[in-house]
Every structure is written in C-alpha cells, then in structure tokens.
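Contents: one structure, followed by commentary.
Numbering (the UniProt record's numbering), first residue to last: 1 to 460.
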C-alpha cells in the first residue's frame, strides 16, 4: 500500500491563498487539499509562505510576504505586537475578530455538541476595544545595569525591554508600572534573576477600579524585606494621589507562579473598590475579579435575561468566585446559594454581600458535585442553576448532580467554547434543551471568547 506524503516539504517556499481562520486566529490555506496553518494570514489573502513544519495531515508555515492584502488587515497599534504574543489579533479588523469568534462557537456547537440548529448570535463587542484591562502583572529584569519591565517574548522568558506601553491596559496601570520601575531603579533595588534565584523585585502588579479611580500597587519580591520601602512609598503616593493601597507580596520560591503565599499591606487599605452595574466589589491583591468590567456587565445582563428569575425563585450559583454573578442574581431572586472551592473567594463573596446590603445570598466553601447532592437530600429545590466553570469545564459528577437537582433553567457562562459544547451534549442527554448561545467579547485583540448559554428543561 502506497505511503501518503504531504505535497509540501519543510523549508519550501510556496504561494498560498488563505481560505479560513483557525480558532487561534491563524490563516488556513490548502495545497492539494493539505491544510497549512500560518500565523497572521487573513482569509482572501495571497501570500508567500515558508513551510516550517510538516505533519501527516497538516503543516505550519511562516508568512514572508503578502501579495494580495485583505481589506480586514489593519496596522497593529502596539509596537511589540509581533514579539509579544499576549494579543494575537491586532492585525485584523475588529469586525473580523467578532465574526471569527462567533464562527468559533458555531463550529464547536456543530462538531462537538451536534447542535447545529441552536442559534449562536453575533458576538457582542466593545465600542472601543482598547485599554480595557484593569489588572497588569509584569515581570522585572535588568539590562546594562538598569531595571526593565515588559512582557515576555513569545515562548520565552526573555523580557521585551522596548515595550513603551500596552494598548489593552488601563493607562493608569501603564504609568504606575513606569513609575515603580523608575523609582526602584534610582533607589538601587535589584531585579530578581530566575536563573540564579537571586535579586529582589520579581513582578509589579497594578489593579485599577474603573468606576472608582482607585489603584492598588503590588510589589512582588523574593526577599522578606522590601529595600527602601518608606522612600518608595513616599514617592509613589506623591506621584499618584489616587493610589489607595500599596502591598508587598513575598514569593521566595523558585517558581513561575507570580504571587507568593504571604501578602502584607505596607501603605493604605487592604482593598480597593469597583462597581459593576449597581453592585460594589472589594478587591484585594489576591482576589479574582473580571479584568474587563464593561463587558462583564454585558455578560451578566445576558445571564440574568436567560435566567428569567422571578421574585420567588431559588437560585444556585456554582463556581461563584467572589460572588459577582450571585449578587446580580440576588437582586431578582428570593434566595441565592453560592458555592466555590476556594475559601478566600467565599470570604470575599460574603464581604461583598455585606458591602451591598444583600441578605438573601449565602455562600459556601466546597466542591459543588459533593455539596449539591447533600442540598438535594435536605430538600433544596432550585428553580435556576447558574454555572461559570474554569476553562476545563464541568466535572462529570457535577453535571450529574445538577441534572438530578432538576432546575427549570440552567445558564452556563463559559470561557472555553470546546468544553462548553462537550458539557452541553451531556446536559442535552440529561433532559435539557439548549435554546441559544450569546458570545461576548471580553478580551478584544485576543483569540479568547466568553459565551453565555441558555438551557431549558424538556417537559415530557
């Protein structure tokens, strides 16, 4: 039997026409039916491509020259876009980004969930898809005796030191990073070197409350003491009067994890505050909080619409985090039960309920797949269950427990279309009908997409 070989060879230079995009945003072109995936290629473009990797059923190429340019190609405003990799889509128009993300959800609904007739609505985007991130964590290094800050180059731990700004970050975050670097450099504070496991300053983290203009600066060091702490604090607070909190985090482990176990407030408050809609949230250095509060409001409004909560309804919010969705739900429901495996998040959720005067939301630490059957035995009968799991999706035992609780409606918020589609198939088999899916662009200029899905109990 003849052995099938690819119609292209490694290092070969070819002319390729792009027909489609992968879910990562790479251009897809075919040579005699053999697909080549090429970063930065756009549909409709004809380009010169170097073949860099050949597998049995597909290969990868490098874009050398564009012969025919797409109308959707734009000039990336970031001067390190092609080095950084934090954003993947700045070279394409925002309309194409939104269309690509809708198609991504449609494709997995068809191929994984086998639900090709379920409506997947056009992606809800932002009017201004820049400067939306309210949190930055940036590594610190040294070059020629000077401190540098910048994200890592793609697939490396080499800091991009000519990074002037990050165009998806809040400008306050940008300015704060530059100020910390400048002041620390003048004070002689050294950068951490991960190869030798020596030095002091590892990362700078800045969090900003968009609606409150409050800022928290977190300095992550290898050392238990922060050199020149008082002078650093004085200069930062004089430079930025809106800084409400300066925090020292100690990470003395040889690890890629950014934050260490010990955190102490060295100036100001433990929390900064922000609001989403009418709900106010306290944010600590370690809190999980959505990085794009504008689109979070859009996402939660859609989740509330799908939940269709009446004033007598009982709701479970699984994977509730710090209670962001729970507190929105509690404004409509008779009672909300939030559950989350991370104790610190539940502590934050209880605090946030107290801040907002919300008394009909209770929060519990535990694994939902274990706690929910206990609630079922105790007679808890939810009308609606809302879930917002991590990227890996739902545990099969959790899906089983949720189906056995027999809610009238399920609202599934997802940051991973593939695991959403996988879980929908199980829920469909368990007696639920997927009614519609709404993609929401929480992370413009990147290939990530959030979605909210409405499921309804099939009544026989």
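Every residue gets a Cβ at the ideal spot worked out from N, C-alpha and C, and that includes glycine.
Notebook entry, point to check: Can you name, in chain order, every residue of its own chain whose Cβ lies under 7 Å from the Cβ of residue 327, other than the five neighbours on each side?
Noted result: Cβ neighbours of residue 327 beyond the five flanking positions: 279, 352, 353, 356, 358 and 361.
Item checked: Top-ranked residue by Cα proximity to residue 96, from 117, 112, 66 and 27 -> 27
Checklist line | Beta carbon of residue 333 nearer than 9 Å to that of residue 301 | finding: no
Notebook entry, point to check: Could you give the uninterrupted runs of the alpha helix (DSSP H) lying entirely in the stretch 254-317, keeping only those of 4 residues or more?
Noted result: 293-307
Margin query: So, at 8 Å on beta carbons, what are the nonlocal neighbours of residue 175 in its own chain, with the 5 sequence-adjacent residues on each side left out?
Written below: 240
Check: Is residue 400 helix, strand or coil when you go by DSSP?
Finding: helix
Margin query: With a threshold of 7 Å on Cβ separation, who are the neighbours of residue 63 within its own chain once the five nearest residues in sequence on each side are excluded?
Written below: 38, 39, 40, 41, 47 and 49
Next item on the list: Entirely within the UniProt domain "TRAM" (7-65) and at least 3 residues each: give me those beta strand (DSSP E) ranges in chain order.
Entry: Runs found: 13-21, 27-31, 34-38 and 46-54.
Checklist line | Nearest-angstrom beta carbon gap, residue 445 and residue 129 [assumed within contact, 8 Å] | finding: Right, the Cβ-Cβ distance comes to about 7 Å (below 8 Å), so this counts as a contact.
Notebook entry, point to check: Less than 9 Å separating the beta-carbons of residue 317 and residue 134?
Noted result: no
Item checked: C-beta neighbour in chain D for residue 41, strict 9 Å -> Absent here is chain D; the protein component of the structure consists of one chain.
Notebook entry, point to check: Is the Cβ-Cβ distance between residue 204 and residue 186 less than 9 Å?
Noted result: no
Next item on the list: Measure the C-alpha to C-alpha separation of residue 450 and residue 231 and round it to an integer number of angstroms.
Entry: 43 Å
Check: Among 156, 262, 254 and 244, which residue has its Cα nearest to the Cα of residue 270?
Finding: 244
Checklist line | Ranges of the beta strand (DSSP E) found wholly within the stretch 136-201, counting only runs of at least 3 | finding: 146-149
Note to self: Judging by CA-CA distance, which residue of 386, 117 and 55 is the nearest neighbour of residue 408?
What the structure shows: The shortest Cα separation from residue 408 among 386, 117 and 55 belongs to 386.
Check: Expressed to the nearest angstrom, what Euclidean distance is found between the alpha-carbon atoms of residue 283 and residue 98?
Finding: Taking the CA atoms as reference points, residue 283 sits about 30 Å from residue 98.
Next item on the list: Put residue 240 into one of helix, strand or coil per three-state DSSP.
Entry: coil
Check: Taking the alpha carbon of residue 90 as the point to measure from, which residue in 167, 141 and 341 has its own alpha carbon closest?
Finding: 167
Next item on the list: Could you spell out the range, first to last residue, of the beta strand (DSSP E) harbouring residue 361?
Entry: 361-365
Check: Where does the unbroken beta strand (DSSP E) through residue 216 begin, and where does it stop?
Finding: Residue 216 -> beta strand (DSSP E) spans 214-221.
Margin query: So, with DSSP's three-state summary, where would you put residue 89?
Written below: coil
Check: Just checking my contact of residue 7 with residue 21 at CB under 8 Å: how many whole Å lie between their CB atoms?
Finding: Actually they are not in contact, since the Cβ atoms of residue 7 and residue 21 sit about 22 Å apart, beyond 8 Å.
Notebook entry, point to check: When you compare each of 363, 384 and 400 to residue 373 by their alpha carbons, which one comes out closest?
Noted result: 400
Note to self: Please classify residue 139 as buried or exposed, where buried requires at least 16 other C-beta atoms within 10 Å of its C-beta.
What the structure shows: Classification of residue 139: buried, given that the 10 Å Cβ count is 16 or more.
Item checked: Beta-bridge partners of residue 205, as assigned by DSSP -> 137 and 218
Check: Count the other CB atoms within 10 Å of the CB of residue 398; is the residue buried (16 or more) or exposed (fewer)?
Finding: buried
Next item on the list: Could you name the residues that DSSP lists as bridge partners for residue 73?
Entry: 92
Checklist line | Distance between beta carbons of residue 197 and residue 242, contact taken as under 8 Å | finding: Not really, about 35 Å apart at Cβ, beyond 8 Å.
Item checked: Validate contact between the stretch 109-118 and the stretch 430-447 using beta carbons, cut 8 Å, 3 pairs -> yes
Notebook entry, point to check: For residue 405, which residues from the same chain have a beta carbon less than 7 Å from its beta carbon, with the 5 sequence-adjacent residues on both sides left out?
Noted result: 372, 376, 382 and 385
Margin query: Suppose the cutoff is 8 Å on Cβ atoms and the five residues either side in sequence are ignored; what does the same chain contact list for residue 419 look like?
Written below: 389, 391, 392, 393 and 394
Notebook entry, point to check: Helix, strand or coil: which one does DSSP assign to residue 491?
Noted result: Residue 491 lies beyond the range of the chain shown here (1 to 460); nothing can be said about it.
Check: Are the stretch 72-80 and the stretch 147-165 touching by the rule of at least three beta carbon pairs closer than 8 Å?
Finding: yes
Notebook entry, point to check: Beta carbon of residue 51, beta carbon of residue 60: below 9 Å?
Noted result: Going by C-beta atoms, residue 51 is nearer than 9 Å to residue 60.
Next item on the list: Could you have a look at residue 84 and say whether DSSP puts it in helix, strand or coil?
Entry: Looking at residue 84 - three-state DSSP - the assignment turns out to be helix.
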